[in-house]
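Asks:
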Amino acid sequence: MALRGCLRAGRGALRAAGPPGPPARRGCAEGRPPAFGFLFDIDGVLVRGSQVVPAAREAFRRLSDAGGRLRVPVVFLTNAGNCLREAKARELSQALGLQVSPEQVILSHSPLRLFSQFHPKCVLVAGQGPVEENARNLGFKHVVTIEALRKAYPLLDMVDQSRRPKELPPPTTDFPTIEGVVLFGEPVRWETSLQLIIDVLLSNGNPGAEPEGIPYPHLPVLACNMDLLWMAEAKMPRFGHGTFLLCLENIYKKVTGRELKYEALIGKPSTVTYHYAEYLIKEQAEKQGWKAPIRRLYAVGDNPMSDVYGANLYNNYLKSAQQNQVEAGVKRIPQAANPQTEDRVAVESCESILVCTGVYRHNADVSRKPEECNTETVFHGHRDFCFDPSLVEASYIVQDVNEAVQLAFEKENWS
24 MALRGCLRAG RGALRAAGPP GPPARRGCAE GRPPAFGFLF DIDGVLVRGS QVVPAAREAF
84 RRLSDAGGRL RVPVVFLTNA GNCLREAKAR ELSQALGLQV SPEQVILSHS PLRLFSQFHP
144 KCVLVAGQGP VEENARNLGF KHVVTIEALR KAYPLLDMVD QSRRPKELPP PTTDFPTIEG
204 VVLFGEPVRW ETSLQLIIDV LLSNGNPGAE PEGIPYPHLP VLACNMDLLW MAEAKMPRFG
264 HGTFLLCLEN IYKKVTGREL KYEALIGKPS TVTYHYAEYL IKEQAEKQGW KAPIRRLYAV
324 GDNPMSDVYG ANLYNNYLKS AQQNQVEAGV KRIPQAANPQ TEDRVAVESC ESILVCTGVY
384 RHNADVSRKP EECNTETVFH GHRDFCFDPS LVEASYIVQD VNEAVQLAFE KENWS
């Protein structure tokens, strides 16, 4: 990777201190309720595939009291989306050795529940895992899966010759017109999903009909998880949903000569995801009876192009909102999460902390041979996000999640 220049420690400190001391066991530091919260990425920070990152359990022992209860509000913010929140909460509970509730988990698609204007529409959903159940849990009333569409129109899916119909099927009748497309995550059979999604967009939701030209603007498309790459057990990163979106965008552009447009891009680094995370952090603090307003967020991740970019983008948003308040002379703070909730005191900052246990490896970004050095930064972010080198520059770089927690505690004078 060529991110070395953008991820310099100039904005923060590359902390390589020795092992941290034993975690505290009090509910609050010196009786003070917490004025800060954590947003933890999962893959590459807490786990790699099915393996727990060793520092993760130590970090959560530090975060918990003697009874195993968290002393600070925590939200798990992941771009994964191929499972239910309840299932992810159970996985985390087992991995970390503490009770994690579904309300603490934000999957890439979780903020879709705020897009109520699309819930009554008939939508095509793509991804893997329980996509139909996820869509209905988020509020969508009329859901069509890629597999259901393929069965209704078997002549559309032709790449795999073994799946082609042996006989000409009868024409499909009474199949609903599709009014939108929701992309939950990378599918299993990319060629099938790419073909059928393009068919739906080119046919204005009626892929069995004779086309009468290319409709544009096309049907609304909502996409979750823009990660180009993610880290599992393999030594190198794996393709993420961002890679699938890249394929879809380029195929659509090549076929139509026009840009594929998104109604919304959800998941990190989108600010709507961080709005939602802030809302859940505050809800958690209220339920625990912590009276101090949450002022600062610490976002811990391993991917500069999603975790760091998203946290810094949201931090810029917070600073801009504060400046607008000052300039307008308004005392009332606007909401940062859900427009249907009452006003709350706004968070002041969102600090990005980059760990070296996943996609980003500090030493790996330094080329050993001068001729291999690349002075240009390769932007792995989504097409619709402008590249700003400062946004992939972490506030702090640490070795692992335990050091990230220790760093935040030191900044907060917390023990």
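First residue of the sequence shown? That's 24 in my numbering, and the numbers climb one at a time after it. Glycine residues also receive a C-beta, built at the ideal position from the N, C-alpha and C atoms.
1) Curious, which full-length beta strand (DSSP E) runs of at least 3 residues does the segment 137-212 contain?
2) Use the C-beta contact count for K291: other C-beta atoms within 10 angstroms, 16 or more gives buried, fewer gives exposed.
3) Between the segment 331-341 and the segment 170-189, are three or more C-beta pairs nearer than 8 Å?
4) Mind reading off the beta-carbon distance from D325 to S375? Whole number of angstroms is fine, and I expect it under 8 Å.
5) In chain order, what residues of the same chain have a beta carbon less than 6 Å from the beta carbon of A47, not counting five sequence neighbours either side?
6) For the pair the segment 180-192 and the segment 233-246, tell me if three or more CB-CB distances fall below 8 Å.
7) Go ahead and pull the three-state DSSP assignment for D66.
8) From the DSSP output, in three-state form, read off G265 for me.
9) Tell me whether the segment 67-83 and the segment 117-126 touch, counting them as touching only if at least three CB pairs, one residue from each stretch, are closer than 8 Å.
10) Can you list, in chain order, the residues of its chain with a C-beta nearer than 6 Å to that of K144? Leave out the 5 residues immediately preceding and following it.
11) Beta-carbon within less than 6 Å of T200's beta-carbon, same chain only, minus the 5 sequence neighbours each way: which residues are those?
12) Going straight from the alpha carbon of P57 to that of A322, what length do you get?
13) Can you tell me where the beta strand (DSSP E) holding G324 begins and where it ends?
14) Once you ignore the five residues that flank R261 on each side, which residues in its own chain have a CB closer than 7 Å to its CB?
15) Taking Cβ to Cβ, would you say L440 is nearer than 7 Å to L161?
16) Roughly how many angstroms lie between the CA atoms of Y419 and P238, to the nearest whole one?
17) Are the beta-carbon atoms of L206 and P153 separated by less than 7 Å?
18) Starting from I289, trace the beta strand (DSSP E) in both directions and tell me its first and last residue.
19) Comparing alpha-carbon positions, which option in L100, R159, V128 lies nearest A110?
20) For D407, which of S216, R212, L269, D64 has the nearest alpha-carbon?
21) Do you know whose CA, among Q429, L414, S216, I274, lies nearest Q151's CA?
22) Reducing DSSP to helix, strand and coil, say where Q422 ends up.
23) Put F402 into one of helix, strand or coil per three-state DSSP.
24) Between which residues of its own chain and L276 is the CB-CB distance below 8 Å, once the five residues before and five after are set aside?
25) Taking the straight line between their C-alpha atoms, what separation do you get for L271 and I220?
26) Thinking C-alpha only, which one of L225, N425, F432 is nearest V76?
27) Measure the Cβ-Cβ separation of Q307 and P125 and say whether it is below 7 Å.
28) What distance in whole Å lies between the Cβ atoms of Y297 and V415, which are believed to be in contact at a cut-off of 8 Å?
29) Sorted by chain position, which residues of the same chain lie with C-beta nearer than 6 Å to F267's C-beta, five sequence neighbours on each side aside?
30) Can you tell me the Cα-Cα spacing of M259 and V211, whole angstroms?
31) Using 10 angstroms around the beta-carbon of Q218, count the other beta-carbons present and answer buried if the total reaches 16, otherwise exposed.
32) If you reduce the DSSP assignment to three classes, tell me which class S226 lands in.
33) Given G72, which residues of its chain have a CB within under 6 Å of its CB, disregarding the five upstream and five downstream residues?
34) Using 10 angstroms around the beta-carbon of K434, count the other beta-carbons present and answer buried if the total reaches 16, otherwise exposed.
35) List the residues that DSSP assigns as beta-bridge partners of C247.
36) Measuring only the C-alpha atoms, how far is V421 from A334?
Replies: In brief:
1) As for any beta strand (DSSP E) of minimum length 3 sitting wholly inside the segment 137-212, the runs are 145-149, 165-168, 203-206, ordered along the chain.
2) Sequence index remark: in the sequence shown, residue 291 carries index 268 (1-based). With 16 or more other Cβ atoms within 10 Å, it is buried.
3) At 8 Å Cβ cutoff, the stretches do not touch.
4) Locating residue 325 in the sequence shown gives position 302, counting from the first residue. Locating residue 375 in the sequence shown gives position 352, counting from the first residue. Rounded, the Cβ-Cβ distance is 11 Å, inconsistent with contact.
5) Looking up residue 47 in the sequence shown gives position 24. Since pLDDT at A47 reaches only 40, below the 50 mark, its modelled position is unreliable, and the value read off the structure follows with that caveat. Here the set comprises S438.
6) Flag = no, the segment 180-192 and the segment 233-246 do not touch.
7) Position 43 of the sequence shown, counted from the start, is the residue given in the question as residue 66. The answer is strand: DSSP assigns D66 an E or B state.
8) Within the sequence shown, numbered from 1, the residue matching residue 265 stands at position 242. The three-state reading of DSSP puts G265 in helix, counting H, G and I together.
9) Flag = yes, the segment 67-83 and the segment 117-126 touch.
10) As a position in the sequence shown, residue 144 is number 121, starting the count at 1. Around K144, the same chain offers E202, G203 as residues with beta carbons nearer than 6 Å, after the five sequence neighbours per side are excluded.
11) Walking along the sequence shown from the start, residue 200 turns up at place 177. Setting aside the 5 residues that flank it on each side, T200 is surrounded in the same chain by G228, N229, each with a C-beta closer than 6 Å to its C-beta; the list follows chain order.
12) Position 34 of the sequence shown, counted from the start, is the residue given in the question as residue 57. Position 299 of the sequence shown, counted from the start, is the residue given in the question as residue 322. Their Cα atoms are separated by approximately 16 Å.
13) For the purposes of this step, residue 324 is identified with residue 301 of the sequence shown, where counting begins at 1. Secondary structure note for G324: its beta strand (DSSP E) is the uninterrupted segment 319-324.
14) Against the sequence shown, residue 261 aligns to sequence position 238. Answer for R261: L252, W253, A255, listed in chain order.
15) Any property of residue 440 remains undetermined from this structure, which presents the chain solely from 24 to 438.
16) Sequence index remark: in the sequence shown, residue 419 carries index 396 (1-based). Sequence index remark: in the sequence shown, residue 238 carries index 215 (1-based). Distance between the alpha carbons of Y419 and P238: 47 Å.
17) In the sequence shown, the residue the question calls residue 206 occupies position 183. In the sequence shown, the residue the question calls residue 153 occupies position 130. Going by C-beta atoms, L206 is not nearer than 7 Å to P153.
18) Numbered from 1 along the sequence shown, position 266 holds the residue referred to as residue 289. Run containing I289: 287-289, per the beta strand (DSSP E) assignment.
19) Indexing the sequence shown from 1 puts residue 110 at position 87. That would be V128, whose Cα lies nearest to the Cα of A110.
20) On the sequence shown, residue 407 is found 384 positions in, with the first residue counted as 1. It is L269.
21) Walking along the sequence shown from the start, residue 151 turns up at place 128. Among Q429, L414, S216, I274, the Cα nearest to that of Q151 belongs to S216.
22) Position 399 of the sequence shown, counted from the first residue, corresponds to residue 422. In the structure shown, Q422 sits in coil (DSSP, three-state: anything other than H, G, I, E or B).
23) Here residue 402 refers to the residue found at position 379 of the sequence shown. Correct three-state label for F402: coil.
24) In the sequence shown, counting from the first residue as 1, residue 276 sits at position 253. This sequence places Lys at residue 276; Leu is not what is there. Result list for K276: E282, L283, in chain order.
25) Along the sequence shown, read from residue 1 onward, the residue named residue 271 stands at position 248. Along the sequence shown, read from residue 1 onward, the residue named residue 220 stands at position 197. In this model, L271 and I220 are separated by some 8 Å (Cα to Cα).
26) Along the sequence shown, one-based indexing puts residue 76 at 53. Considering only alpha carbons, the answer is N425.
27) As a position in the sequence shown, residue 307 is number 284, starting the count at 1. As a position in the sequence shown, residue 125 is number 102, starting the count at 1. In this structure, Q307 keeps its C-beta atom at 7 Å or more from the C-beta atom of P125.
28) Reading the sequence shown from its first residue, position 392 is the one you call residue 415. Reading the sequence shown from its first residue, position 274 is the one you call residue 297. Rounded, the Cβ-Cβ distance is 16 Å, inconsistent with contact.
29) The residue labelled residue 267 in the question sits at position 244 within the sequence shown. Cβ neighbours of F267 beyond the five flanking positions: E209.
30) Position 236 of the sequence shown, counted from the first residue, corresponds to residue 259. Position 188 of the sequence shown, counted from the first residue, corresponds to residue 211. Here the C-alpha atom of M259 lies approximately 20 Å from the C-alpha atom of V211.
31) Counting from 1 along the sequence shown, the entry for residue 218 is found at position 195. Taking all protein chains in view, the Cβ of Q218 is crowded by 16 or more other Cβ atoms within 10 Å, so the residue is classified as buried.
32) Taking the sequence shown and counting its residues from 1, one reaches residue 226 at position 203. DSSP places S226 in coil when its eight states are reduced to three.
33) The residue labelled residue 72 in the question sits at position 49 within the sequence shown. Around G72: A255, E256.
34) One-based indexing of the sequence shown puts residue 434 at position 411. Result: exposed.
35) Taking the sequence shown and counting its residues from 1, one reaches residue 247 at position 224. Secondary-structure assignment with DSSP links C247 through a beta bridge to I289.
36) Your numbering for residue 421 matches position 398 in the sequence shown. Your numbering for residue 334 matches position 311 in the sequence shown. The C-alpha of A334 is placed about 16 Å away from the C-alpha of V421.
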